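Here's the structure we're looking at; comments come further down.
In the numbering used here, the protein residues as written are 180 to 294.
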């Protein structure tokens with residue numbers, strides 16, 4: 180599967196962005212889809228994930244502000260980011276994980292939040 184992430188940009192603190200991850204294949208067959216981010220000088224971290232059954236998981240720092248969703252009809256996964264903070268500044272990546280064939284990464288999209 181190939182993944183195309185988009186939707187990054189520059190916003191002020193308190194603003195919103197919606198990231199989109201478009202898959203070349205069916206998202207319904209992907210076991211777990213995740214959004215990761217990597218800030219300068221920091222390790223990549225998992226921000227949010229959604230399983231094929233629709234269950235979701237978030238890192239504590241984004242709970243209540245970010246929402247991950249998937250539209251299998253469009254083979255797309257979204258990350259709605261509200262109440263953005265400067266510490267959310269990072270390159271965001273989407274990832275597709277299949278239990279039997281492993282992990283696939285898309286290219287990143289840059290999110291910059293200014294104070």
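Idealized CB from N, CA, C, for every residue including glycine. These numbers come from a predicted model, not from an experiment.
Would you mind sorting residue i into buried or exposed? The rule is 16 or more other CB atoms within 10 Å of its CB.
i: residue 267; result: buried
i: residue 277; result: exposed
i: residue 198; result: buried
Quick one: residues in its chain with C-beta nearer than 8 Å to the C-beta of residue i, no 5 flanking neighbours on either side, listed in chain order?
i: residue 238; result: 224, 225, 226 and 227
Taking the DSSP output, what are the residues bridged to residue i?
i: residue 250; result: 255
i: residue 244; result: Beta-bridge pairing links residue 244 to no other residue.
i: residue 230; result: 211
Report the CB separation of residue i from residue j in whole angstroms; it is logged as a contact under 8 Å.
i: residue 292; j: residue 264; result: 6 Å
Which class does residue i belong to by DSSP, given the choice of helix, strand or coil?
i: residue 291; result: strand
i: residue 208; result: helix
Short of 6 Å in beta carbon distance, which residues of its chain neighbour residue i, apart from the five on each side in sequence? Order them along the chain.
i: residue 217; result: 223, 269 and 270
i: residue 229; result: 212, 235, 247 and 249
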